[in-house]
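Visitor: Provided herewith is a single structure, encoded as structure tokens, for subsequent inquiry.
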């Protein structure tokens, strides 16, 4: 479990399980930010965020290009209430990890995510949490 997520208030955890979209920020190889809307799941027990996407998507490429040092941020907002989850990210196509990501996505959004043939999951090990009005 991440120390950053171990003591999240119940209101923050509830906010992170509501079916909202978030802004996901990765860094391009030239250092400029790439921000895209995503749906995601958050596992408070492990401090892991999962974002399903295509292997060919820019966000996946950016994470792969960043290697083991790839840092990302994901921000979910509702008016003046928001939470940002930051951490190191990795891309995987491991079938068990993909299945877990799809299961959690489906639980949260009540529908399965798109299933392109090159489906991967970006896993973010959250090590920093910022929030306001939660």
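Residue numbers (our numbering): 4 to 137. All C-beta atoms in this analysis are idealised placements derived from N, C-alpha and C, irrespective of residue type, glycine included.
With distance defined between alpha-carbon atoms, name the residue in 44, 126, 122 and 77 nearest to residue 133.
Guide: As a first step, residue 133 must be located in the chain shown, where it is residue number 130. For the residues 44, 126, 122 and 77, the minimum Cα distance to residue 133 belongs to 77.
Visitor: Comparing C-alpha positions only, which one of 49, 42, 27 and 89 sits nearest to residue 113?
Guide: The residue labelled residue 113 in the question sits at position 110 within the chain shown. The candidate whose alpha carbon is nearest that of residue 113 is 42.
Visitor: Excluding the 5 residues preceding and the 5 following residue 85 in the sequence, name in chain order all residues of the same chain whose CB lies nearer than 7 Å to its CB.
Guide: Position 82 of the chain shown, counted from the start, is the residue given in the question as residue 85. Only 78, 79, 134 and 135 meet the Cβ criterion.
Visitor: Which of the three DSSP states, helix, strand or coil, is assigned to residue 31?
Guide: To locate residue 31, count along the chain shown from 1; it is residue 28. In the structure shown, residue 31 sits in coil (DSSP, three-state: anything other than H, G, I, E or B).
Visitor: Just to confirm before moving on: does the CB-CB distance between residue 124 and residue 100 stay below 9 Å?
Guide: Position 121 of the chain shown, counting from 1, holds the residue named residue 124. Position 97 of the chain shown, counting from 1, holds the residue named residue 100. Yes. Within cutoff.
Visitor: Return the CA-CA distance between residue 21 and residue 121, expressed in angstroms with no decimal places.
Guide: In the chain shown, residue 21 corresponds to position 18, counting from 1. In the chain shown, residue 121 corresponds to position 118, counting from 1. If you take the alpha carbons of residue 21 and residue 121, they lie about 27 Å apart.
Visitor: Sorted by chain position, which residues of the same chain lie with C-beta nearer than 8 Å to residue 63's C-beta, five sequence neighbours on each side aside?
Guide: For the purposes of this step, residue 63 is taken as residue 60 along the chain shown, with counting starting at 1. Here the set comprises 56, 57, 94, 123 and 125.
Visitor: Output needed for residue 39: all residues of its chain with C-beta closer than 7 Å, excluding positions within five of it in sequence on either side, in chain order.
Guide: Looking up residue 39 in the chain shown gives position 36. Here the set comprises 27 and 62.
Visitor: Taking only runs that begin and end inside the region 90–125, name each unbroken alpha helix (DSSP H) of 4 or more residues, in chain order.
Guide: Entirely contained in the region 90–125, the alpha helix (DSSP H) runs reaching 4 residues are, in chain order, 98–112.
Visitor: On the criterion of 16 or more Cβ atoms from any shown chain inside 10 Å, does residue 73 qualify as buried, or is it exposed?
Guide: To locate residue 73, count along the chain shown from 1; it is residue 70. Result: buried.
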